[in-house]
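Written out below as structure tokens is the structure these notes cover.
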Amino acid sequence: MAKPSLRPPKKKQNPLKAAGVETVDYKDAALLRKFISDRGKIRARRVTGVTVQEQRKIAKAVKNAREIALLPYATAGR
205 MAKPSLRPPK KKQNPLKAAG VETVDYKDAA LLRKFISDRG KIRARRVTGV TVQEQRKIAK
265 AVKNAREIAL LPYATAGR
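For the sequence shown, the numbering used here begins at 205 and goes up steadily by one.
Next comes the structure, spelled out in structure tokens:
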């Protein structure tokens, strides 16, 4: 029996381009909250759909925002 053909996966939309954001700013906590999970971890690039360069900028901005208490740090397990 032949396998049924699978559809090619859809490319994720880039949320930064959809929102019209040119630069990622650590002071924009509302935007950065879209890129962290409910436990406070930074979401993976394959989950969010951003490019490698944008993911680096997001990670740096989230870390800076955590440092000045705009965003929470990741919680311990349990």
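For each residue, glycine too, the CB sits at the ideal point set by N, CA and C.
Practice problem: Can you check the region 211-282 for any alpha helix (DSSP H) of at least 4 residues that lies completely inside it and give the ranges in chain order? | Solution: 219-223, 233-236, 249-252 and 256-271
Quiz item: Taking all protein chains shown into account, do 16 or more other C-beta atoms lie within 10 angstroms of the C-beta of E258, making it buried, or fewer, making it exposed?
Solution: Position 54 of the sequence shown holds residue 258. When all chains shown are included, E258 counts as buried.
Quiz item: Using CA coordinates, which residue listed in Q217, T227, R211 and P212 is at the minimum distance from G253?
Solution: Looking up residue 253 in the sequence shown gives position 49. If we check each option's Cα against that of G253, Q217 comes out closest.
Quiz item: Do G244 and A278 have their C-beta atoms closer together than 8 angstroms?
Solution: For the purposes of this step, residue 244 is identified with residue 40 of the sequence shown, where counting begins at 1. For the purposes of this step, residue 278 is identified with residue 74 of the sequence shown, where counting begins at 1. For G244 and A278, yes; Cβs fall inside 8 angstroms.
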